[in-house]
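Take a look at the structure below.
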Amino acid sequence: NQRYRMMGGTYYRVISNQEREFTAGASLLHWAYKYNLSEETWGHGGYYSPQNYVGLSVPLTYDARWGDDFVYRLKTGVSYSQTKTQSIDFFPNDSDLQIAAYDRESITGVDPVFEGETSSGVSYNLEGSFEYRITPNWFFGGYLAIDRSDFYEPNFGQLYIRYYFNPVYGTLEFPGTPIIPYADF
């Protein structure tokens with residue numbers, strides 16, 4: 001299956017100084033596969049493979065510090081996407097199985113074609129994170145993320161304590177860096 005992807009975006013620093021930074025942006029994604037192989041029958045790949053996907057997102061990010069030892073980030077975004085998938089046989093690579101499925105349609109009542117569809121939707125996300133330097137070696141932080149769209153509503157949160165072998169002095173850089181779970185690499 002041939003995949004095509006193109007993405008572009010831009011952002012603008014509305015506020016940028018030593019204590020805080022506010023950015024606004026926009027990004028556009030176009031994504032397409034030659035064939036719809038999204039299903040789980042023989043000959044399909046079992047992965048989402050639309051023939052056309054277009055998404056537009058508008059993120060807003062606010063980073064700030066409070067003194068030298070505390071940094072935080074607030075981030076939100078809204079997105080709109082539109083997708084189209086083509087109709088495809090139950091068994092796209094095996095004509096004998098596909099013919100057999102058509103022959104049994106009157107018995108099973110199942111049309112052996114996965115119908116294509118066109119859909120669109122809006123989503124949004126909210127994120128917040130902070131990091132506090134307890135000592136030059138010890139840091140305490142947290143992260144919370146909420147995503148919302150049709151049929152997808154994950155929440156993620158963490159609190160952590162981090163130890164640096166080399167002490168960190170001076171004003172903290174923002175944003176803080178939450179710990180990334182190994183499964184997300």
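The opening position of the sequence shown corresponds to residue 1 in the UniProt record's numbering, with each subsequent residue numbered one higher.
For glycine and all other residues, C-beta sits at the position ideal for the given N, C-alpha and C.
On a predicted model such as this, the values are computed, not experimentally measured, just so you know.
Nearest-angstrom beta carbon gap, residue j and residue i [assumed within contact, 8 Å]
i: Thr76; j: Leu60; result: 5 Å
i: Thr85; j: Pro50; result: 5 Å
i: Ala64; j: Arg20; result: 4 Å
i: Asn52; j: Thr23; result: At roughly 30 Å, the Cβ-Cβ gap does not stay under 8 Å, so Asn52 and Thr23 are not in contact.
i: Tyr160; j: Ile146; result: With a Cβ gap of about 19 Å, Tyr160 and Ile146 do not count as contacting.
i: Ile88; j: Tyr35; result: 7 Å
i: Gly9; j: Leu28; result: 7 Å
i: Gly25; j: Tyr4; result: So it is not a contact: roughly 24 Å between Cβ atoms.
Residue i: first and last residue of the uninterrupted alpha helix (DSSP H) it sits in
i: Tyr102; result: Ser95 to Asp103
Option nearest residue i by Cα separation, candidates the options
i: Glu105; options: Val58, Val54, Tyr164 and Phe90; result: Phe90
i: Leu37; options: Phe114, Ala183, Gln158 and Asp184; result: Phe114
i: Pro154; options: Glu173, Ser123 and Ile134; result: Ser123
i: Phe70; options: Ala183, Asp184, Thr177 and Pro181; result: Thr177
i: Val58; options: Ile88, Gly67, Leu144 and Ser81; result: Ser81
i: Met7; options: Asn17, Ala32 and Ser16; result: Ala32
i: Gly46; options: Phe151, Asn17, Asn1 and Asn166; result: Asn1
i: Val54; options: Ser79, Ala101, Pro167 and Tyr11; result: Ser79
i: Tyr143; options: Arg133, Gly157, Ser149 and Tyr132; result: Gly157
i: Ile15; options: Arg5, Leu56 and Tyr62; result: Tyr62
i: residue 191; options: Arg148, Ala183, Tyr132 and Gly170; result: Since the first and last residues shown for the chain are 1 and 185, residue 191 lies out of range.
i: residue 242; options: Ala100, Arg148 and Thr108; result: Nothing can be reported for residue 242: it is not among the residues displayed for the chain, which extend from 1 to 185.
i: His30; options: Pro167, Leu56, Gln18 and Ile99; result: Leu56
Where the beta strand (DSSP E) containing residue i begins and where it ends
i: Thr83; result: Phe70 to Thr85
i: Asn125; result: Glu117 to Arg133
i: Val168; result: Premise fails: Val168 is in no beta strand (DSSP E) and is neither H nor E.
i: Ile15; result: Arg3 to Ser16
i: Tyr62; result: Asn52 to Trp66
i: Ala183; result: Run containing Ala183: none; DSSP gives neither H nor E here.
i: Ser27; result: Arg20 to Tyr33
Residues that residue i bridges to, as DSSP identifies them
i: Ile161; result: Phe140
i: Gly109; result: Answer is none; Gly109 lacks a bridge partner.
i: Phe114; result: Ile88
i: Ile146; result: Leu126 and Asn155
Mind the definition here: the region 130–150 touches the region 84–96 only if three or more C-beta pairs lie below 8 Å; say whether that holds. no
Would you call the region 68–75 and the region 112–128 touching, i.e. three or more CB-CB distances under 8 Å? yes
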